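All remarks here apply to the structure that follows.
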Amino acid sequence: MDAPKEIFLKDYTKPDYYFETVDLSFSLGEEKTIVSSLIKVSPRVQGSSAPLVLDGHDLKLLSVKVEGKLLKEGDYQLDSRHLTLPSLPAKESFVLEIDTEIYPHKNTSLDGLYKSSGNFCTQCEAEGFRKITFYQDRPDIMAKYTCRVEADKSLYPVLLSNGNLISQGDIEGGRHFALWEDPFKKPCYLFALVAGQLASRDDTFTTRSGREVSLKIWTPAEDLPKTAHAMYSLKAAMKWDEDVFGLEYDLDLFNIVAVPDFNMGAMENKSLNIFNSKLVLASPETATDADYAAILGVIGHEYFHNWTGNRVTCRDWFQLSLKEGLTVFRDQEFSSDMGSRTVKRIADVSKLRIYQFPQDAGPMAHPVRPHSYIKMDNFYTGKFLFAKKTGIDFIWLLSVYEKGAEVVRMYKTLLGSEGFRKGIDLYFQRHDEQAVTCEDFFAAMRDANSADFANFLQWYSQAGTPVVKVASSYNAEARTFSLKFSQEIPPTPGQPTKEATFIPVVVGLLDSSGKDITLSSVYHDGTLQTISSSSTILRVTKKEEEFVFSDIAERPVPSLFRGCSAPVRVETDLSDGDLFFLLAHDSDEFNRWEAGQVLARKLMLNLVSDFQQNRPLVLNPKFIQGLGSVLSDSTLDKEFIAKAITLPGEGEIMDMMAVADPDAVHAVRKFVRKQLASELKTELLKIVENNRSTEAYVFDHPNMARRALKNTALAYLASLEDPSYVELALSEYKSATNLTDQFAALAALAQNPGKTRDDVLADFYNKWQGDYLVVNKWFLLQSSSDIPGNVENVTKLLDHPAFDLRNPNKAMNFHAKDGSGYKFLGDIVVQLDKINPQVASRMVSAFSRWKRYDETRQALAKAQLEMIMSANGLSENVFEIASKSLA
Ligand code: 0A1
Ligand code: ZN
Numbered sequence: 002m003d004a005p006k007e008i009f010l011k012d013y014t015k016p017d018y019y020f021e022t023v024d025l026s027f028s029l030g031e032e033k034t035i036v037s038s039l040i041k042v043s044p045r046v047q048g049s050s051a052p053l054v055l056d057g058h059d060l061k062l063l064s065v066k067v068e069g070k071l072l073k074e075g076d077y078q079l080d081s082r083h084l085t086l087p088s089l090p091a092k093e094s095f096v097l098e099i100d101t102e103i104y105p106h107k108n109t110s111l112d113g114l115y116k117s118s119g120n121f122c123t124q125c126e127a128e129g130f131r132k133i134t135f136y137q138d139r140p141d142i143m144a145k146y147t148c149r150v151e152a153d154k155s156l157y158p159v160l161l162s163n164g165n166l167i168s169q170g171d172i173e174g175g176r177h178f179a180l181w182e183d184p185f186k187k188p189c190y191l192f193a194l195v196a197g198q199l200a201s202r203d204d205t206f207t208t209r210s211g212r213e214v215s216l217k218i219w220t221p222a223e224d225l226p227k228t229a230h231a232m233y234s235l236k237a238a239m240k241w242d243e244d245v246f247g248l249e250y251d252l253d254l255f256n257i258v259a260v261p262d263f264n265m266g267a268m269e270n271k272s273l274n275i276f277n278s279k280l281v282l283a284s285p286e287t288a289t290d291a292d293y294a295a296i297l298g299v300i301g302h303e304y305f306h307n308w309t310g311n312r313v314t315c316r317d318w319f320q321l322s323l324k325e326g327l328t329v330f331r332d333q334e335f336s337s338d339m340g341s342r343t344v345k346r347i348a349d350v351s352k353l354r355i356y357q358f359p360q361d362a363g364p365m366a367h368p369v370r371p372h373s374y375i376k377m378d379n380f381y382t383g384k385f386l387f388a389k390k391t392g393i394d395f396i397w398l399l400s401v402y403e404k405g406a407e408v409v410r411m412y413k414t415l416l417g418s419e420g421f422r423k424g425i426d427l428y429f430q431r432h433d434e435q436a437v438t439c440e441d442f443f444a445a446m447r448d449a450n451s452a453d454f455a456n457f458l459q460w461y462s463q464a465g466t467p468v469v470k471v472a473s474s475y476n477a478e479a480r481t482f483s484l485k486f487s488q489e490i491p492p493t494p495g496q497p498t499k500e501a502t503f504i505p506v507v508v509g510l511l512d513s514s515g516k517d518i519t520l521s522s523v524y525h526d527g528t529l530q531t532i533s534s535s536s537t538i539l540r541v542t543k544k545e546e547e548f549v550f551s552d553i554a555e556r557p558v559p560s561l562f563r564g565c566s567a568p569v570r571v572e573t574d575l576s577d578g579d580l581f582f583l584l585a586h587d588s589d590e591f592n593r594w595e596a597g598q599v600l601a602r603k604l605m606l607n608l609v610s611d612f613q614q615n616r617p618l619v620l621n622p623k624f625i626q627g628l629g630s631v632l633s634d635s636t637l638d639k640e641f642i643a644k645a646i647t648l649p650g651e652g653e654i655m656d657m658m659a660v661a662d663p664d665a666v667h668a669v670r671k672f673v674r675k676q677l678a679s680e681l682k683t684e685l686l687k688i689v690e691n692n693r694s695t696e697a698y699v700f701d702h703p704n705m706a707r708r709a710l711k712n713t714a715l716a717y718l719a720s721l722e723d724p725s726y727v728e729l730a731l732s733e734y735k736s737a738t739n740l741t742d743q744f745a746a747l748a749a750l751a752q753n754p755g756k757t758r759d760d761v762l763a764d765f766y767n768k769w770q771g772d773y774l775v776v777n778k779w780f781l782l783q784s785s786s787d788i789p790g791n792v793e794n795v796t797k798l799l800d801h802p803a804f805d806l807r808n809p810n811k812a813m814n815f816h817a818k819d820g821s822g823y824k825f826l827g828d829i830v831v832q833l834d835k836i837n838p839q840v841a842s843r844m845v846s847a848f849s850r851w852k853r854y855d856e857t858r859q860a861l862a863k864a865q866l867e868m869i870m871s872a873n874g875l876s877e878n879v880f881e882i883a884s885k886s887l888a
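Residue numbers (my numbering): 2 to 888.
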């Protein structure tokens, strides 16, 4: 392996040469593919004598010509990663022609040009284009492309690339070609090509200015019936972007292709989005509500990139959040508008806490805009890591995407919808068809609103989750209520000390009847600000600062960080009584949920220490009562209730402990669940009975909410192992008319080991063995199960006929005390790294927080990391994560 090289943001320099136009030609073949590129090059500085350095990886160079003249060996330098042209014509522009040979059928990395189920397809972000041809593979090289694709006509009847189809026709030898032209400048990471046997679902969308856009979703013909929801999602996204952001689609054609082998969720290539099949194909019988919602969100996400990412792109990969943070924010808003805003916010904040906060506290912590990287791929979120036939949903959320979206959300919180829209409009006015930086986005937001953003930019450069402590006090005599904030950002690798950052805190104060007090003024930093609303935004910008509300008639209960107004950990002095009060009354639904979660975390943490000290476990009856009243409150949204009665995850509790104790946390969570189920069984049973599906499946919020509540209740009941509830779950399983209900019943039954579990799992597999997307869920359910001895079960699954190593499952009871989970994962990483480094490195990241556990586990995990580091031919991807984890 070449010595892994770290790349730094501070070393960014402008390219010496720009590419104006790129004409590509692909001759696709079974054994090899010939790629010819003809590039019009212009030096940045006239008369420049700088060499032109092109990236290239795993390419066979056939020829290089400059201005039509063939270069001889010696006229250029070629190493394993670059082609360097030292002397070039001193002209305003010149033509460079390069022919290369590549071997897509051998490409298992799913990066560059590869084959998926017999079809050719590409993935070029971040640095896959260099596996196709020699190029300046960096996003600030924006050029206009044409692409001619030629292939055998019977094997590859469909030939697609970016932009508009200019011409097509047959050529000799049973071959045919298609010529595509993309009128917009783009970086090479947005290039795409697909060739294969595909059929399309066709539709049209008329933009608000009257342009008719042809929409096509391509899959193997037999899957076409499952693309209706994806088409619905695409049209909804196109309309939403016009309505909310005034952004209209800019070409006459939009293609989506679903492929079974894909490293990520999907890719926003200009006018030719390529998707993991899982995020396109859905039918009520084979996809759950969660799948339907994911498809809506990801179709939206990739479509929204057409403006935020494609028309305006990133100057360099450190700016990834410029497009991803903004586009994740946009897809979150889209999904909120299509369903329930509160429930979506709860889901997004939960993900942030479960995945991003721990990452921000571990060895892979990095700012929203990283300062350096070894392998760019490691900065992507692998939300839907998955490949053919079997798979995993590996949820790996990173700062660049998820925290980046929170940063964008804070602009909106501070500026309001209108101000935010003004900022977006200015951003496009200034930067259309440019490659820009996060500061450019910040400047557009600031300038469009003449805003004072104080130290807001710290959010881009500092890693770590800020911890905000809030102390409150009421002065009855002065009728004032004070909130004192202090903020601290823990040290992270390479950043031992941190500056204060700008934290918007949305606050409301509840009176003793539970109503919001109308706030009249707040005193801060020597000035009195008048307000007249039930909530306000406090601008916390210093390490310590105080805000005093005046004219407050009684001691209020503060509702802090409404809607999670900043991605921080909050520690308040609120009593349990205050929290129960907020759970019952807060007008901010998000904070009602939050109050329940804070209570649950406190209570579970106390039980963990009882467990560790062999004290009997007793659940506070007030907590049961609190959740019980949420459960039977018919004014609440059903999906909200389902979220509110769901306990914080084990990881969240472990995160709060000095030394994480997986056994204790697991036992406590199980205990609390069972207690709640047993105390609330009458209500839970009523919920199951009153919320069954009686009509055909409909994907809309009321129906999804009903199913979510029913299935959450069923899982609680089944956890009791009472034969009547097991019977109930079995009958729900048998009578289900859609996969959401059927799979939920299966999961409820699979909580407890035994014959029923084994039988129902076998039945499910028999029923669905022909559908690999459903079989994936079956694998995932078992691999993520916490039943005792699960490592052994999962190890057996590796020999299952449907299993494919390209797709190992997320490690099961990963923290088994005997280290079997660690060993299992270590072995898989080493094997998989040879096939697909991007996927392997994501698996290593599961080890990254090994230092949080007890000494025995630490030693076992460390040994696996060392074993991985010593493996032959380790990829840069895995090297970066494993070495940083050990550091
Ligand atoms: N830009 C895509 C995600 C993506 C990133 C990298 C990939 O390959 C390494 C593939 C897809 C998105 O945001 O959806
Ligand atoms: Zn994206």
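Backbone N, C-alpha and C define an ideal beta-carbon position, used for all residues, glycine too. Being a predicted model, the structure only gives us computed values, none of them experimental.
Next on the checklist: Classify Gly-326: buried if its beta carbon has 16 or more other beta carbons within 10 angstroms, exposed otherwise.
Outcome noted: When all chains shown are included, Gly-326 counts as buried.
Item to check | Simplified DSSP assignment, three categories, for Arg-556 | outcome: Coil at Arg-556, not helix or strand.
Checklist entry - So Glu-98 is in the beta strand (DSSP E); what residue range does that whole segment cover? => result 95–103
Checklist entry - Could you name the residues, in chain order, whose CB is less than 5 angstroms away from a heavy atom belonging to ligand 2? => result This selection yields Glu-325 and Thr-328.
Item to check | Cα-Cα separation, Glu-894 to Glu-269 | outcome: Absent from the model: residue 894. The displayed extent of the chain is 2 to 888, so no value can be given.
Checklist entry - Roughly how many angstroms lie between the CA atoms of Pro-143 and Tyr-19, to the nearest whole one? => result It should be pointed out that residue 143 corresponds to Met in this sequence rather than to Pro. Taking the straight line joining both Cα atoms gives about 8 angstroms.
Next on the checklist: Given this structure, state the Cα-to-Cα distance separating Ser-884 from Ser-846, to the nearest angstrom.
Outcome noted: 11 angstroms
Checklist entry - Where Asp-819 and Arg-556 are concerned, what is the direct C-alpha to C-alpha distance, given to the nearest angstrom? => result Cα-Cα distance, rounded: 53 angstroms.
Checklist entry - Roughly how many whole angstroms lie between the Cα atoms of Asn-307 and Asn-691? => result Rounded to whole angstroms, Asn-307 and Asn-691 show a C-alpha spacing of 44 angstroms.
Checklist entry - With respect to the beta strand (DSSP E) encompassing His-702, which residues constitute its N-terminal and C-terminal limits? => result Counting along the chain, His-702 falls outside any beta strand (DSSP E), though it belongs to the alpha helix (DSSP H) covering 702–720.
Next on the checklist: Please return the same chain residues whose Cβ sits closer than 6 angstroms to the Cβ of Leu-398, not counting the five positions on each side in sequence.
Outcome noted: Low confidence applies here, because Leu-398 scores a pLDDT of 40, under 50, leaving its location unreliable; read the following figure in that light. For Leu-398, where only same-chain residues beyond five positions count, the Cβ hits under 6 angstroms are Lys-352, Tyr-356, Gln-357 and Thr-382.
Checklist entry - Name the DSSP bridge partner or partners of Lys-66? => result Secondary-structure assignment with DSSP links Lys-66 through a beta bridge to Leu-71 and Glu-98.
Item to check | Residue range of the unbroken beta strand (DSSP E) whose run includes Val-776 | outcome: Segment 773–784 is the alpha helix (DSSP H) holding Val-776; no beta strand (DSSP E) there.
Item to check | Residue interval of the beta strand (DSSP E) (run including Phe-206) | outcome: Unbroken beta strand (DSSP E) run through Phe-206: 200–207.
Item to check | Ile-475 versus Lys-516: straight-line alpha-carbon distance, rounded | outcome: For clarity, residue 475 is Tyr in the given sequence; the question names Ile instead. So the alpha carbons of these two residues sit roughly 18 angstroms apart.
Checklist entry - Closest by CA to Thr-466, which one among Pro-368, Lys-778 and Asp-17? => result The shortest Cα separation from Thr-466 among Pro-368, Lys-778 and Asp-17 belongs to Pro-368.
Checklist entry - Any idea if Pro-703 is buried or exposed, counting beta-carbon neighbours within 10 angstroms, 16 or more meaning buried? => result Around the beta-carbon of Pro-703, fewer than 16 other beta-carbon atoms lie within 10 Å, marking it exposed.
Checklist entry - From what residue to what residue does the beta strand (DSSP E) around Gly-627 run? => result Per DSSP, Gly-627 belongs to no beta strand (DSSP E); it is in the alpha helix (DSSP H), 622–632.
Item to check | Under 9 angstroms between C-beta atoms of Phe-135 and Thr-34 | outcome: no
Item to check | Close Cβ partners of Ala-237 (< 6 angstroms) along its chain, the five nearest in sequence each way excluded | outcome: none
Next on the checklist: Considering only the alpha carbon of each residue, which of Ile-654, Ala-585, Leu-606 and Glu-31 lies closest to Lys-623?
Outcome noted: Ala-585
Checklist entry - Between Asp-204 and Leu-620, what straight-line distance do the alpha-carbon atoms span, to the nearest angstrom? => result 56 angstroms
Next on the checklist: Is His-302 a contact residue of ligand 1, with contact defined as CB to any heavy atom under 8 angstroms?
Outcome noted: yes
Item to check | Straight-line gap, Ala-295 to Thr-343 (C-alpha atoms, nearest Å) | outcome: 17 angstroms
Checklist entry - beta strand (DSSP E) containing Gln-530: first to last residue? => result 528–534
Checklist entry - Near Ala-152, which residues of its chain fall below 6 angstroms by C-beta distance, leaving aside the five closest residues on each side in sequence? => result Leu-29 and Ala-196
Checklist entry - Would the C-beta of Gln-496 count as close to ligand 1, meaning under 8 angstroms from any of its heavy atoms? => result no
Checklist entry - Under a Cβ-count criterion, where at least 16 other Cβ atoms within 10 Å of its own Cβ denotes burial, should Val-214 be classed as buried or exposed? => result buried
Item to check | Segment contact flag, the region 543–557 with the region 478–487, C-beta cutoff 8 angstroms, min 3 pairs | outcome: yes
Next on the checklist: Suppose only complete runs of 4+ residues qualify. What are the alpha helix (DSSP H) ranges in the region 217–305, listed by chain order?
Outcome noted: 229–246 and 290–305
Checklist entry - Applying the criterion that 16 or more other CB atoms from any shown protein chain within 10 Å of the CB defines a buried residue, is Leu-539 buried or exposed? => result Buried: at least 16 other Cβ atoms inside 10 Å.
Next on the checklist: In the DSSP output, which residue or residues are listed as bridge partners for Val-34?
Outcome noted: Correcting the residue identity first, residue 34 is Thr in this sequence and not Val. Beta-bridge pairing links Thr-34 to Ile-103.
Checklist entry - Between the C-alpha atoms of Glu-500 and Val-569, what's the straight-line distance to the nearest angstrom? => result 15 angstroms
Checklist entry - Hey, how far is the Cα of Lys-423 from the Cα of Met-411? => result Computed Cα separation, rounded: 15 angstroms.
Checklist entry - Which residue comes first and which comes last in the alpha helix (DSSP H) that contains Thr-796? => result It spans 791–798 - the alpha helix (DSSP H) in which Thr-796 sits, taken as one unbroken run.
Checklist entry - Helix, strand or coil for Glu-173 per DSSP? => result Of the three classes helix, strand and coil, the one that applies to Glu-173 here is coil, per DSSP.
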